[in-house]
Amino acid sequence: MPKMKTKSSCKKRFKTTASGRVVAAQAGKQHGMIKRSNKFLRNARGTTTLCKADEGIVKSMMPYAR
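Just so you know, we're using my numbering here: the sequence shown kicks off at 107 and counts up by one.
Right, here's the structure in full:
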């Protein structure tokens with residue numbers, strides 16, 4: 107049986123926590139920050155955990171994530 111492939115885009119964007127949740131960077135900070143409020147930019151720092159529905163999609167593309 108050949109090895110299963112991990113989706114390259116997923117391994118660059120997501121990590122799994124010890125409890126099995128999926129962590130991703132906050133959205134909306136690539137460009138266009140001039141028009142965004144300071145509150146939005148402040149709240150979009152760091153990382154966030156994905157919701158259960160999105161988590162299932164990402165985990166299906168990362169077969170070896172623990």
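The beta-carbon is built from N, C-alpha and C at its ideal position, and this holds for glycine as well.
Just so you know, these numbers come straight off a predicted model, no measurement behind them.
Closest residue to residue i among the options (Cα-Cα distance)
i	options	result
residue 171	128, 115, 135, 133	128
residue 156	139, 119, 135	119
residue 165	109, 107, 108, 116	116
residue 151	130, 159, 112, 162	130
residue 162	122, 109, 110, 111	122
residue 154	113, 109, 132	132
Beta carbon proximity, residue i to chain D, threshold 8 Å
i	result
residue 110	Annotation note: the requested chain D is absent from the structure, which comprises a single protein chain.
Whole-number beta carbon distance between residue j and residue i, since they are thought to touch under 8 Å
i	j	result
residue 167	residue 109	That pair is no contact at about 15 Å.
Ignoring anything shorter than 3 residues or poking outside the stretch 119-143, list the beta strand (DSSP E) runs there in chain order. For the stretch 119-143, whole beta strand (DSSP E) runs of length 3 or above, ordered along the chain, are 120-122, 128-131.
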